[in-house]
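Note that the sequence shown covers residues 879 to 1424 in our numbering.
Backbone N, C-alpha and C define an ideal beta-carbon position, used for all residues, glycine too.
These figures come from a predicted structure and were not determined experimentally.
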Amino acid sequence: MTGMSRRTFLSLSTAVAAGAAATSLTACGSSTKKSGEAASSKVKLPSYVPFAGISPDLAPNAKGLSAGFLSYPKELVQSVAKTPGDGSKITMLTEIWTQPPTPKGSNAYWKKLDKELGVDLTAILGTDPGYEEKFSAVVAGGDLPDLLWIPPNQGIQHIAELLEAKCADITEYVSGDAVKRYPNLAAMTPAHWKTAVVNGKIWGAPVPYPAFGQVYGGNPKVWAKADGIQASSPDEFLAKCKEVTGGKTWALEPIYVNTASVMSQCFGAPNKWRQNKDGSLTWFQDTDEYLEALNFVLKLKKAGVFYPGNPKMADAYIKMAQGSIGACVFANPFNARKETRVQDPELAAEILIPFAAGGRKPHHHYHLGTIGYTAVKKGDEKRVRMLLDVLNYLAAPFGSKEREFLEYGTEGEDFTYDKNGFPTRTKQGKQQVEGLFSGLQTSTTSPFAIIASSFPGDERAQDVKDVYAVEKKLLETAIQNPVVGHYSDAYTQHYGRMQTEATDLVNDIVSGRKKLSEWKPFWAEWKNKGLDQMAKEFARSIEKSA
């Protein structure tokens, strides 16, 4: 996604899946609360029809490897056959990750967008942080927008009730081959669509995101002293961290819960949930592997390799580019390379590949592959299909005329092509296009691809190749979260508080305020506070779909 903050990238990348997030919407009723887990396993997902209009330089695969484009296409293709709208007014609630755009009344791009879409678009633009409050206020007002972005983990509860009461069940319009009427939506994979399933129904267009999860990205200038960031064991990684720490440089950012998450991959922890031989599920933080990873984080802390800052520090990327911090946790490999280029165009982040620890095989943890979905307000079939046509336009792929217009606007006004043929926004484009496109992209977008124009600097093609190579390496050990596409009512109710308390405990343990021995009792207590119920509900859903 364009311009997401560090906070949001990491919070979205650690969302657990399946049920929508957990701002109370109880006014919508609760008749569906106990049915979601049972029904979500039965839905027929949309058929997958990849976009064939343009061939990438580096091919994707079904396991999640991203397509790679080394240059910008000289000839763009058409992905939408006709204007999607019917001339009516539509409203959209979405979130932006950059500065707000020029208001519609004086925004030429917005007016052209209306013409392209064939609608009169009003966009209600939430910000980060604050979207959950905006969402709740809009829903409480009673008049739901036509298009409503539902994030995976921004503290919004009772989504199932809201969907049933106010939103259109789009299953019949997109399930199986029905989705072929919307070719850009059909280019989304079943894994994308799974995250838009609640109560056995499909409720919206997914918002695709990289399939890969959290990684350490390092400043190669810092790690050159230790012959690079790669390590073959915890002992070697600790030794390298000590070697690069000194003077005004520390090896790692002090966001301990992210360190524990990445290190748990090395120790072989499951991706959020472990599916046991008897079909039961175990939460990843309630495993020996995670406990060993947390103990290793304690060793790193005692060695003095963490930057002496707040575990919630917001400027770690800047300090990494400056050389004060050697490595930060990023949401995915693409984000690691892009964000370091943004801070310093000469800086190409080196990605740590999980090493074996504790006598176990390491596992890279896939991300959900989306950051939520956009639901459609209830209406008659003609209205719902028109709104799906609009979403189909917004999901236009890279290399299409529609995508170029959405992202950059009009050549000569909003953007120009640079010497390498990449679109570059003008001052007007930054003011009028950038913020609005951010919101449009949050509502839905095409499947993720590694695109040269995404990177600042003069090494764009190499950046694409490097990120693609890292993804291929991570694929060797990558594992999925087994509950993606399944629903737990208990999860939507308890997950937010559970994770807040767990993060606080990690910080307290690593900072020395509490002992490592308090970790297991914490999870024993949480088993009675909702964790066991989450596991049972997810397990039943998985069993029924087998």
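Do the CB positions of residue i and residue j come within less than 8 Å of each other?
| i | j | result |
| --- | --- | --- |
| SER1332 | TRP975 | no |
| ILE1037 | PHE1013 | no |
| THR1322 | ALA1109 | no |
| SER1278 | LEU954 | yes |
| PHE1145 | ARG1152 | no |
| PRO1148 | THR1165 | yes |
| ALA1234 | SER1111 | yes |
| VAL1435 | ILE1328 | Given a span of 879 to 1424 for the chain in the structure shown, any question on residue 1435 remains unanswerable. |
| PRO1325 | THR1049 | no |
| GLY942 | TYR1087 | no |
| VAL1017 | ILE1002 | no |
| LYS1103 | SER925 | no |
| ALA1214 | ILE1203 | no |
| ALA1274 | ASN1062 | yes |
| GLY1236 | GLU1285 | no |
| ASN1406 | LYS1150 | no |
| TRP1397 | LEU1169 | yes |
Apart from the five residues just before and just after residue i, which ones in its own chain have a Cβ nearer than 6 Å to its Cβ?
| i | result |
| --- | --- |
| LEU1130 | VAL1183, PHE1184 and ALA1205 |
| MET1198 | ASN1097 and CYS1206 |
| ILE1107 | GLY1096, TRP1101, GLU1228 and LEU1230 |
| GLY1408 | ALA1368 and HIS1372 |
| ALA1074 | ILE1080, TRP1081, GLY1082, PRO1084 and TYR1251 |
| TRP1401 | ASP1164 |
With a CB to CB cut of under 7 Å and the five nearest residues on each side skipped, what residues in its chain are close to residue i?
| i | result |
| --- | --- |
| LYS1216 | SER1332 and PHE1333 |
| ASP1222 | ALA1199 |
| LYS912 | Per-residue confidence for LYS912 stands at a pLDDT of 45, beneath the threshold of 50, marking its modelled position as unreliable; no derived number is given. |
| LEU1041 | VAL1076, TRP1081 and ALA1253 |
| PRO1189 | PRO1132, ILE1133, TYR1134 and ASN1385 |
Apply the 10 Å Cβ neighbour rule to residue i and answer buried if 16 or more other Cβ atoms are within range, or exposed otherwise.
| i | result |
| --- | --- |
| LYS1079 | buried |
| ALA945 | buried |
| GLU1354 | exposed |
| ASP1055 | exposed |
| ALA1089 | buried |
| LYS922 | exposed |
| PRO1029 | buried |
| ARG1263 | buried |
| ALA1330 | buried |
| ARG1391 | exposed |
| GLN1319 | buried |
| GLY996 | buried |
| ALA1192 | exposed |
| ASP1006 | buried |
| LYS1260 | exposed |
| ASN1154 | exposed |
| GLY1091 | buried |
| THR1218 | buried |
Within the same chain, show all residues whose beta-carbon is closer than 8 Å to that of residue i, passing over the 5 residues directly before and after it, in chain order.
| i | result |
| --- | --- |
| LEU1025 | ILE968, THR969, MET970, LEU971, THR972, THR1252, ALA1253, VAL1254, LYS1255, LEU1265, VAL1268, LEU1269 and SER1321 |
| THR1302 | PHE1293, THR1294, TYR1295 and ASP1296 |
| ASP998 | GLY965, SER966, LYS967, ILE968 and ASP992 |
| ASN985 | PRO979, GLN1310 and LEU1314 |
| SER1053 | VAL921, LYS922, LEU923, PRO924 and ILE1080 |
Our contact map puts residue i next to residue j with C-beta atoms below 8 Å; I'd like the distance itself, whole angstroms only.
| i | j | result |
| --- | --- | --- |
| GLY1440 | PRO978 | It is not possible to answer for residue 1440, since the shown part of the chain is limited to 879 through 1424. |
| ALA1065 | VAL958 | Between VAL958 and ALA1065 the Cβ distance is about 12 Å, and since that is not below 8 Å, they are no contact. |
| TRP1027 | GLY1250 | 6 Å |
| VAL1093 | ASN1210 | 7 Å |
| VAL1388 | VAL1140 | The pair is not a contact, with the Cβ atoms about 14 Å apart (cut-off 8 Å). |
| TYR1271 | PRO962 | 5 Å |
Cβ pair count under 8 Å reaching 3, the region 947-964 against the region 1336-1349: yes
Segment contact flag, the region 1241-1252 with the region 1111-1121, C-beta cutoff 8 Å, min 3 pairs: no
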